[in-house]
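Engineer: I have a structure here, written as structure tokens, and I will follow up with some questions on it.
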Amino acid sequence: MGALASSLNHAITVLFWLSVAGLSAGLARRAALWRAGRDASVSWLGLLAIPKRYFVDLHHVVARDPYIARTHVATAGGAIAAMALVAVNYGLMLYASALDKAIGLFALVMLAGVLFVWHRRRTPPARLSRGAWMRLPWMLAAFALGLLALGLLPLQLMSGLCALVTVLLLGLGAWTLTVGAARGGPMKHALAGLLHLAFHPRQERFKQDFTHDGKGTPVTALKPLKLEQGELGVGKPVEFRWNQLLGFDACVQCGKCEAACPAFAAGQPLNPKKLIQDMVTGMAGGSDADFAGSPYPGIPLGKHQGRPLDAIVPGLVSPETLWSCTTCRACVQECPMLIEHVDAIVDMRRHQALQFGEVPGKGPEVLANLRETGSAGGFDLGVRYNWAIDLGVRQIVPGQAVDVLLMVGEGGFDMRYQRSLRALVKVLQAADVDFAVLGSLETDTGDVARRLGDEATFQGMAQHMIAQLSAFTFKRIVTADPHVMHCLRNEYPAFGGRYEVFHHTTFMAALVSSGKIKPRVEPAPGSDQRFTYHDPCYLGRYNGEIEAPRELLKMLGLPLHEMERNGMRGRCCGGGGGAPLTDIPGKQRIPDIRIHDARAVRADTVVVACPNCTAMLEGVVGPRPEVRDIAELLAAALEN
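Position 197 of the sequence shown, counting from 1, maps to 197 under the UniProt record's numbering, and the rest follow consecutively.
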């Protein structure tokens, strides 16, 4: 029996070091693929931050699904602890029986987690990938059983056959975690995922809690292109930064991005999960024929292939896929691996727009208007504030300081949204706010140009706007347009423009709570009406503001009936990212889906806080709830 125990111990030691060698070789193989990308500035100190980012930041997102959170804690936690003990006991050749028992206990925890994985895979949700992922529970179970036998099966009960089976089970699990991962198997995320957390393209994501509950301001600004150095976006897989390629490899194909994507739900040819896997395919070389998840709607598998040095469009990804995205960041919000899908899409759009001028639909016309007139619609800037002539709104002048600079964006040219803007002005006047407007000097911020990939037009407009604003003295900017707010607050600082910018919902809520205005609330207000609030993507996910609009509605005494998708997880209206301009067809329209959400809670009124949302939701044909901006509701309460 002593000889058998000694042989088993030495066999496990050999297997352990073979696994370490395999893991090192696998990591080197994947790293060679990542390093083919462009240089990226990273800090090696990020490696020290992995435990915090894994156990806090990543699990902060995973915890939104309690079933998966418990499953992951048990499976990954048990496996990591057991393997760490194997490294100590067998890697260092201690062969302590007490450590064996601890290995067995953690193997039991892992096996319990694997049972949860197996149960989920019995009837998997449509968003989950199949194929090799369906075999994963069995491979993990084999590894857990091998660890369990190693740790808890008394040596006196061990036969030669039993010892051999134990080694084979451990070997099968070790192969899955090493060679299988190196070849692109499901467990490659265990290699790439931790390194992705260390060298994430957006290190700012880990500096504060902005990932849920709307606390803090998300770091969502796009990185500027160095146009003077010839940066024109991403046209080939190797033109992504190397840590972006690493991030693509971290994908676990859970499909939470797929389930959240408004374009996918509408039947447009976009699936964020497949897009990321297509980038992995292009990075390693191959075809999408073996993809085991949902295809892009309307595009069968096997139609695309790519290699690191080949053009992404149209060989690997159809242009319609890139232009279907609304840039709403719902995919990013849901991703448990913290992958930045939208950054990748905009990088590829930039190449199409800057290198080839390939922007579909009305995009080229709008971009030309922006360059030639400073307005997306080609309007005369002098008429932007015609709706306010009778309201006595003053225009800011050099040398005269004001408290608030009001900027209305493209909504000032829309006859419907002018009603909302008039309501906002009446609220500001009722509160005796010292405010002024830019008048004919207000040009577009360039938001839609940047989302459409025309970084050159955006940067030119940003620099022009910053120069205009520098001529005036004001304390803060207020706007009813979340896209304007996002540009001024988050994207202009990279070009030297730093301003204190408030959305009108935040500003109005502060006016009411401070007592500067006192809206009249009738007894049992709105008792016969049902209200729901639609969160603008660029206010919620891009800027973390989901509470102020709800607080304001509460102060108005309006009964709020939340849609299933709300707050940071709210469904997009379809109006962002230039999507209404590219107008990629699908099976239905995104705003129709959102109005269906409102009907599901029997809402009579959908409260909005964005000109794009107003236009998209009011454009739904047929019976629907009334759409009203929150400023209109507050102004009405003041008139009462």
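Glycine included, C-beta positions come from ideal geometry on N, C-alpha and C.
Keep in mind the model is a prediction, meaning the values are calculated, not measured.
1. Have a look at Asn271, Phe248 and Val346 and flag the residue whose alpha-carbon is nearest the alpha-carbon of Lys223.
2. So Thr532 is in the beta strand (DSSP E); what residue range does that whole segment cover?
3. When the Cβ atoms of the region 365 to 373 are set against those of the region 451 to 460, are three or more pairs found closer than 8 Å?
4. Considering Lys273, what are the terminal residues of the beta strand (DSSP E) in which it resides?
5. Within the continuous beta strand (DSSP E) that includes Glu626, where are the two ends?
6. Taking the C-alpha atoms as reference points, what is the distance between Val313 and Thr71?
7. Kindly list the residues whose CB is nearer than 7 Å to the CB of Gly78, restricted to its own chain and excluding five residues on each side of it in sequence; keep chain order.
8. In the DSSP assignment, what residue or residues form a beta bridge with residue 643?
9. Run through the region 393 to 433 for me and flag every whole beta strand (DSSP E) of 3 or more residues, listed as ranges in chain order.
10. Any idea if Trp323 is buried or exposed, counting beta-carbon neighbours within 10 angstroms, 16 or more meaning buried?
11. Would you be able to state if there are at least three C-beta pairs under 8 Å between the region 601 to 611 and the region 529 to 543?
12. Any idea if Phe55 is buried or exposed, counting beta-carbon neighbours within 10 angstroms, 16 or more meaning buried?
13. Determine the contact status of Gly570 and Asn612, defining contact as a CB-CB distance below 7 Å.
14. For Asn271, I'd like the list of residues in its chain whose CB is within less than 6 Å of its CB, leaving aside the five on either flank, ordered along the chain.
15. Starting from Ile345 and walking both ways along the alpha helix (DSSP H), at which residues does that stretch end?
16. Specify, as a first and last residue, the run of the alpha helix (DSSP H) that Phe116 falls within.
17. Under 7 Å between C-beta atoms, does Tyr90 make it to chain C?
18. With a Cβ-Cβ cutoff of 7 Å, do Ala181 and Leu191 count as a contact?
19. Can you tell me whether Lys518 is buried or exposed, with buried defined as 16 or more other CB within 10 angstroms of its CB?
20. Once DSSP output is grouped into helix, strand and coil, what is the label at Val521?
21. Only counting runs of 4 or more residues, tell me where the alpha helix (DSSP H) segments fall wholly within the region 147 to 233, in order along the chain.
22. Any chance the region 222 to 240 sits against the region 56 to 76, with 3 or more Cβ pairs inside 8 Å?
23. Hey, Leu245 and Gly26 are a contact pair by Cβ (cut 8 Å); roughly how many whole angstroms apart?
24. Evaluate residue 700 with the Cβ neighbour count: other Cβ atoms within 10 Å of its Cβ, from every protein chain shown; 16 or more gives buried, anything less gives exposed.
25. Between Glu204, Ala132, Asp249 and Thr166, which has its C-alpha nearest Leu195's C-alpha?
26. Distance, Cα to Cα, Arg202 vs Ala3?
27. Within 10 Å of its beta-carbon, does Asp356 have 16 or more other beta-carbons around it, so buried, or fewer, so exposed?
28. If you scan the region 551 to 597 from start to end, which runs of the alpha helix (DSSP H) of 4 or more residues do you find wholly inside it?
29. DSSP three-state call for Val606: helix, strand or coil?
30. Tell me which residues share the same chain as Tyr538 and place their Cβ nearer than 8 Å to its Cβ, disregarding the 5 neighbours each side in the sequence.
31. Looking at the strands, I want to know which residues DSSP matches up with Gln305.
32. How many angstroms separate the CA atom of Gly193 from the CA atom of Leu634?
33. Contact defined as beta carbons within less than 8 Å: I believe Asn566 pairs with Thr220. What is the distance between those atoms, to the nearest angstrom?
34. Alpha carbons only, please: which of Asp380, Glu204, Ala494 and Ile595 is nearest the one belonging to Leu338?
35. Thr614 lies in the beta strand (DSSP E); which residues open and close that run?
36. Take the Cβ of Asn386 as the centre, count every other Cβ of all protein chains shown within 10 Å, and call the residue buried at 16 or more, exposed below.
Structural biologist: Quick look at the numbers:
1. For Lys223, the nearest C-alpha among the options comes from Val346.
2. First-last of the beta strand (DSSP E) with Thr532: Phe531 to Tyr533.
3. They touch, by the three-pair rule.
4. Unbroken run through Lys273 is the alpha helix (DSSP H), Pro272 to Ala284; no beta strand (DSSP E).
5. Start and end: Glu626 to Asp629.
6. About 38 Å.
7. The beta carbon of Gly78 lies closer than 7 Å to those of Phe106, Ala107, Val109, Met110 and Gly113 in the same chain, with the five residues before and after it left out.
8. The question about residue 643 has no answer here: the residues shown for the chain are numbered 1 through 640.
9. Taking only runs of at least 3 residues, the beta strand (DSSP E) segments lying wholly in the region 393 to 433 are 402 to 407.
10. Per the 10 Å Cβ criterion, buried.
11. With three or more CB-CB distances shorter than 8 Å, the region 529 to 543 counts as touching the region 601 to 611.
12. Flag for Phe55 reads exposed.
13. Not in contact: Gly570 and Asn612 (Cβ atoms no closer than 7 Å).
14. If the five residues before and after Asn271 are omitted, its C-beta is found closer than 6 Å to the C-beta atoms of Glu258, Phe264, Ser294 and Tyr296, all from its own chain and listed in chain order.
15. His341 to Gln355 is the extent of the alpha helix (DSSP H) around Ile345.
16. Start and end: Ser97 to Arg122.
17. In summary, chain C is missing from the structure at hand, where a single protein chain is found.
18. It is a contact, given that the beta carbons lie within the stated cut-off.
19. Flag for Lys518 reads exposed.
20. Val521 falls in the coil class under three-state DSSP.
21. Segments of the alpha helix (DSSP H) lying fully in the region 147 to 233: 160 to 177, 179 to 182 and 188 to 198.
22. No contact exists between the region 222 to 240 and the region 56 to 76.
23. With a Cβ gap of about 16 Å, Leu245 and Gly26 do not count as contacting.
24. Only positions 1 to 640 of the chain appear in this structure, which leaves residue 700 out of reach.
25. Among Glu204, Ala132, Asp249 and Thr166, the Cα nearest to that of Leu195 belongs to Asp249.
26. One C-alpha to the other measures close to 54 Å.
27. Strictly speaking, residue 356 in this sequence is Phe, with Asp absent from that position. When all chains shown are included, Phe356 counts as exposed.
28. Unbroken alpha helix (DSSP H) runs of no fewer than 4 residues, entirely contained in the region 551 to 597, are found at 579 to 582, following chain order.
29. Three-state DSSP puts Val606 in a strand.
30. If we look at Tyr538 and ignore the five residues flanking it on each side, its Cβ neighbours are Pro482, His483, Met485, His486, Gly576 and Cys610.
31. Beta-bridge pairing links Gln305 to Ser287.
32. When rounded, the distance between both Cα atoms is 47 Å.
33. With a Cβ gap of about 19 Å, Asn566 and Thr220 do not count as contacting.
34. Ranked by Cα distance from Leu338, the options Asp380, Glu204, Ala494 and Ile595 are led by Glu204.
35. Here Thr614 belongs to no beta strand (DSSP E); instead the alpha helix (DSSP H) covers Pro611 to Glu618.
36. Asn386 is exposed by the Cβ-count criterion.
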